[in-house]
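Under our numbering, the sequence shown has 94 at position 92, and the numbering climbs by one with no breaks.
We treat Cβ as the ideally placed atom computed from N, Cα and C, and that holds for glycine.
Notes for the one structure printed next.
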Amino acid sequence: MAFSSELIDKYKKFKDYTQDKQVLSDVESLHQGNLSKIRKGERHLTANQVIYIAEAMEIDVKEALLQLALEKSKSKEESAVWTDVIKKISAACAIVGLCLGLAAEPESKETFA
Numbered sequence: 003m004a005f006s007s008e009l010i011d012k013y014k015k016f017k018d019y020t021q022d023k024q025v026l027s028d029v030e031s032l033h034q035g036n037l038s039k040i041r042k043g044e045r046h047l048t049a050n051q052v053i054y055i056a057e058a059m060e061i062d063v064k065e066a067l068l069q070l071a072l073e074k075s076k077s078k079e080e081s082a083v084w085t086d087v088i089k090k091i092s093a094a095c096a097i098v099g100l101c102l103g104l105a106a107e108p109e110s111k112e113t114f115a
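Next comes the structure, spelled out in C-alpha cells:
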C-alpha cells in the first residue's frame with residue numbers, strides 16, 4: 003500500500019473515523035475523486051495535506067514529507083536516493099538521541115569501603 007493511502011488510514015484510526023468521507027471534511031482540497039485515485043495508487047496527497055495530517059496526529063512532519071517524496075518518485079534511481087536520504091536522517095537522529103541520553107545520565111560516583 004502506498005504512503006498516502008496508509009497515512010489516510012492512520013488518520014482515520016487516530017480520529018476514530020470509520021469512513022473515508024469523514025476524512026474529506028477535515029482535509030482541505032481532498033474530495034471523493036482524489037481519495038478514490040489515492041486508494042488506487044493513481045494519485046498522492048499534496049504536501050499541504052500531508053503537513054495537515056501529520057500535525058493533527060503530532061507525528062514528524064519532515065519524516066512524512068520525505069515519505070511522500072519517496073512515494074512520488076518516478077524512477078528506481080530517484081526512489082533509491084530518497085530511501086538513502088531517509089536512512090541517513092534516521093541514523094543521524096538515532097545517534098543524536100543516544101548522545102543526548104548519555105549526556106543526561108548522571109555520573110555515578112563509586113565509593114570504595
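Every alpha helix (DSSP H) stretch that sits fully inside the segment 37-67 and reaches 4 residues is listed by chain position as 49-59. In the three-state reduction of the DSSP assignment, Thr-85 falls in the helix class, which pools H, G and I. If you compare the alpha carbons of Asn-50, Val-83 and Leu-26 with that of Lys-64, the shortest gap goes to Asn-50.
By the 16-neighbour rule on beta-carbons within 10 angstroms, Ile-97 is exposed. Leaving aside the five residues that flank Arg-45 on each side, the residues in its chain whose CB is nearer than 7 Å to its CB run, in chain order, Asn-36 and Lys-39.
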